[in-house]
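Just below is one structure, and these are the notes that go with it.
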Amino acid sequence: MSSFFKKKKNASKGNQKPSEDGTISTDLMRTMQENAFKSIDAGQESLVLMFLAKEKQIATMDVATEDSNKTILINATCKLSEDGCIKVVDAIVEVGGAAALRVELKKKTKNTTGNSPLHNAAKQNYGAFFEKVIGILDTDNGDGGGGGGGGGGGREELRKVLNLANEEGETPLYGAASVGATKVVKVLLENDLVDASPPHPQKATPLHVAAAFAGMETLSLLLAKRGEGENKDKTDVNVADENNFTPLLLACKTGNSRVIAALVEAGADMYHPIPEVSEFFFGLFNAAADL
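To get my numbering, take the position in the sequence shown, counting from 1, and add 523.
Structure, rendered in structure tokens:
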């Protein structure tokens, strides 16, 4: 038996058992929530799901301390499997419907990054998790019930959730593109509420990070969105970041010839001024020589 179970077993009996009518006190729910956190940290997914099955409300309870950056869903999307995260979402919806899910999805860690559950899930490449969340919120009519005909209020709230920026100005799509999480990139780009070129403090776009880090598959998904729906003309292959780097220049710096060729074919400006000379200058020519 793990130490935290032993500790709680020996604790005061005052509020550690359900009442005769089956209701559970706040103190006992708090204990269950703490144990669920520890189970997540220990990678004990089955224990987490056991606590949620016993009392789903712990998935939406405010944490005990104001300076804590923990919520069940934030921690789950960092450390549980995709299926485990989906079951946490199910528990949240059962407690408070789509409205409760929106609240949990907008919560961020209280550190310099400020990631939400969707930022975490994006970098885990949890495409089915995003499909689940979008499916719930996209059918919400804005009154929090999770049903109905997809009214304007619900759609606008979904737009806010999907394009939520962390403290570094990165949206879930930006994060997914930066690590080549193609399942998530595909799901997000299929939704017309997602901004394919969201505002960023450094003026970088998902195309920038895909060209620099992710590779051909992610880049192709982003390029395919040009000229479609609300993202028309927003996936600009020649947009420069605050340092005057375009996606093509970043691809040349890393030397990925397939990415370079795809960007040039998509209309990237081969004559965009190079921000810096020295090693970057030679990297450009070495990459171009491979075309």
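Heads up, the beta-carbon is just placed ideally off N, CA and C, and yes, glycines get one too.
Just confirm the distance between the C-beta atoms of His795 and Leu773, as a whole number of angstroms; I'd bet it's less than 8 Å. Not confirmed; about 11 Å, so no contact.
Mind the definition here: the region 703-712 touches the region 651-664 only if three or more C-beta pairs lie below 8 Å; say whether that holds. Cβ pair count under 8 Å is three or more, so yes.
Taking the straight line between their C-alpha atoms, what separation do you get for Glu713 and Val612? 21 Å
Pair within 9 Å by beta-carbon distance, Val702 and Lys646: yes
Counting only runs of 4+ residues fully inside the region 680-762, write out the alpha helix (DSSP H) ranges in chain order. 695-702, 705-712, 729-732 and 739-747
Near Ile659, what residues of its chain come up, given a Cβ to Cβ distance below 8 Å and the 5 sequence neighbours on each side ignored? Closer than 8 Å at the Cβ level, and outside the excluded window around Ile659, lie Val612, Val616, Ala621, Leu624 and Gly669.
Would you say Asn767 and Gly790 are within 9 Å of each other, going by their C-beta atoms? no
Whole-angstrom C-beta distance between Gly607 and Asn689, which should lie under 8 Å: The pair is not a contact, with the Cβ atoms about 22 Å apart (cut-off 8 Å).
Thinking C-beta only, is Asn686 closer than 9 Å to Pro721? yes
For the alpha helix (DSSP H) holding Pro770, just list the boundary residues, first then last. Pro770 to Thr777
With the cut-off set at 9 Å, would you say Leu596 and Lys630 are in Cβ contact? yes
Inter-residue spacing [alpha-carbon to alpha-carbon] between Leu551 and Glu557: Each residue's alpha carbon lies about 10 Å from the other.
Give the secondary structure of Ile797 by DSSP, where H, G and I count as helix, E and B as strand, and everything else as coil. coil
If we ignore side chains and look at the alpha-carbon of each, how far apart do Ile581 and Ile563 end up? Going from the Cα of Ile581 to the Cα of Ile563 covers about 13 Å.
Three-state class that DSSP yields for Gly790 in the structure shown: coil
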